[in-house]
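Undergrad: I am attaching a structure below and will ask some questions about it afterwards.
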Amino acid sequence: MADNYLEKRMEEHRAQNSAKRVVPKSSLMTLLEKNRSTRGYDASFIVRKDQLRRIVSVNSKVASARNRQPLRFRLVTAEEAHKVLPYIRMGSALSEMNLPLPGHEPNAFIVVCSLIEPRQSTYIDLGISVQSMLLQAVEIGLNGLCIMSFDKERIVSELNLPYEPLMVVAIGKGAEHFRLVDVDSSAPRDYYREGGVHCVPKLVLDELIIE
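So for the sequence shown, the numbering used here puts the first residue at 288; every next one is plus one.
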């Protein structure tokens with residue numbers, strides 16, 4: 288009887304441990320909803336280099352036109368953030384706010400460069416790459432922002448880049464609240480702030496489908 292009792296307890300223990308190891312993953316739609324262009328960050332959270340490496344690692348899996356894989360990535364952690372921050376512009380549609388607000392700057396960046404002279408396929412690769420990286424960032428609890436408004440010459444000089452930078456991606460722990468707003472094709476689509484919430488108009492599904 289004692290043997291049966293111990294065996295039963297061991298089976299329960301193994302079942303509990305097995306259940307603990309099952310970590311539910313976020314669905315793609317959940318990740319997409321959380322993947323908002325973030326312009327305000329928690330300055331007390333310092334992004335680690337291994338987190339940036341994990342984000343960039345998706346590029347070993349994603350598609351590339353003719354499989355050229357021309358993109359390369361410069362990781363910028365907090366120690367070098369001062370080499371990037373003065374030379375980027377964030378939130379052009381909210382220019383009166385001078386984003387990011389003081390104390391809410393990102394402290395890490397991924398500078399995406401191209402080995403070759405950029406062509407149409409390079410920018411297709413860039414879109415695939417950056418969207419995938421931002422989804423990976425969201426999955427590990429971080430947020431980001433695609434920045435194409437930056438001083439290219441100063442970024443190249445400050446970071447001693449051997450290749451042309453195409454985009455700067457800010458990475459950090461977001462400190463903003465977002466709301467997606469369903470709109471039809473006649474509505475304005477500029478993002479805006481309302482009661483401290485960043486509102487992002489998005490076309491509803493029926494507006495996207497050609498009948």
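Note that beta-carbon positions come from the ideal geometry of N, C-alpha and C, so glycine has one too.
What separation, rounded to the nearest whole angstrom, lies between the Cα atoms of K348 and I411?
TA: In a straight line, the C-alpha of K348 is about 15 angstroms away from that of I411.
Undergrad: Leaving out the 5 sequence neighbours to the left and right, which residues in its chain are closer than 6 angstroms to V371 when beta-carbon positions are compared?
TA: Here the set comprises V363 and F396.
Undergrad: I need the straight-line Cα distance from A350 to Q423, nearest angstrom please.
TA: Taking the straight line joining both Cα atoms gives about 15 angstroms.
Undergrad: Would V455 and I342 be called neighbours here (beta carbons separated by less than 8 angstroms)?
TA: No.
Undergrad: Could you compute how far the alpha carbon of K489 sits from the alpha carbon of P475?
TA: Approximately 10 angstroms, taken between the alpha carbons.
Undergrad: Using the Cα positions of A365 and I427, report the straight-line distance between them to the nearest angstrom.
TA: Whole-angstrom Cα-Cα distance: 18 angstroms.
Undergrad: So for N322, helix, strand or coil by DSSP?
TA: The answer is coil: DSSP assigns N322 none of H, G, I, E or B.
Undergrad: For a minimum of 3 consecutive residues, which ranges assigned as the beta strand (DSSP E) are wholly contained in the stretch 370-444?
TA: Runs found: 395-401 and 430-434.
Undergrad: Whole-angstrom Cβ separation of N354 and S416, contact assumed at under 8 angstroms?
TA: Their Cβ separation, rounded to whole angstroms, is 13 angstroms, which puts N354 and S416 out of contact at 8 angstroms.
Undergrad: If you drop the 5 nearest sequence neighbours on each side, which residues of the same chain put their C-beta closer than 8 angstroms to that of V310?
TA: For V310, the predicted structure reports a pLDDT of 49, less than 50, and the residue's modelled location is therefore unreliable. A value from the coordinates is still provided. Nothing listed; no residue qualifies.
Undergrad: What do you get for N430, buried or exposed, if any count of 16 or more other CB atoms within 10 angstroms of its CB means buried?
TA: Its Cβ being crowded by 16 or more others within 10 Å, N430 is buried.
Undergrad: Between S324 and L432, how many whole angstroms is the CB-CB distance? I'm expecting something under 8 angstroms.
TA: Right, the Cβ-Cβ distance comes to about 5 angstroms (below 8 angstroms), so this counts as a contact.
Undergrad: DSSP on V343, reduced to helix/strand/coil?
TA: DSSP places V343 in helix when its eight states are reduced to three.
Undergrad: CA-CA distance, E498 and P452?
TA: Distance between the alpha carbons of E498 and P452 is about 40 angstroms.
Undergrad: Give me the residue from V425, V399 and V443 with the minimum Cα distance to R359.
TA: Minimum Cα distance to R359 is reached at V399.
Undergrad: From which residue to which residue does the beta strand (DSSP E) around L453 run?
TA: Note, L453: beta strand (DSSP E), E451 to G459.
Undergrad: Looking at C-alpha atoms only, which residue of R326, R361 and R335 is the closest neighbour of Y450?
TA: That would be R361, whose Cα lies nearest to the Cα of Y450.
Undergrad: Looking only at C-alpha atoms, which of E367, D337 and R466 sits nearest to E445?
TA: Selected option, being the one with the closest Cα: E367.
Undergrad: Taking DSSP as the reference, what is the three-state secondary structure of R499?
TA: Absent from the structure is residue 499, since the part of the chain shown begins at 288 and ends at 498.
Undergrad: Do you know whose CA, among Y328, M316 and L318, lies nearest E463's CA?
TA: If we check each option's Cα against that of E463, Y328 comes out closest.
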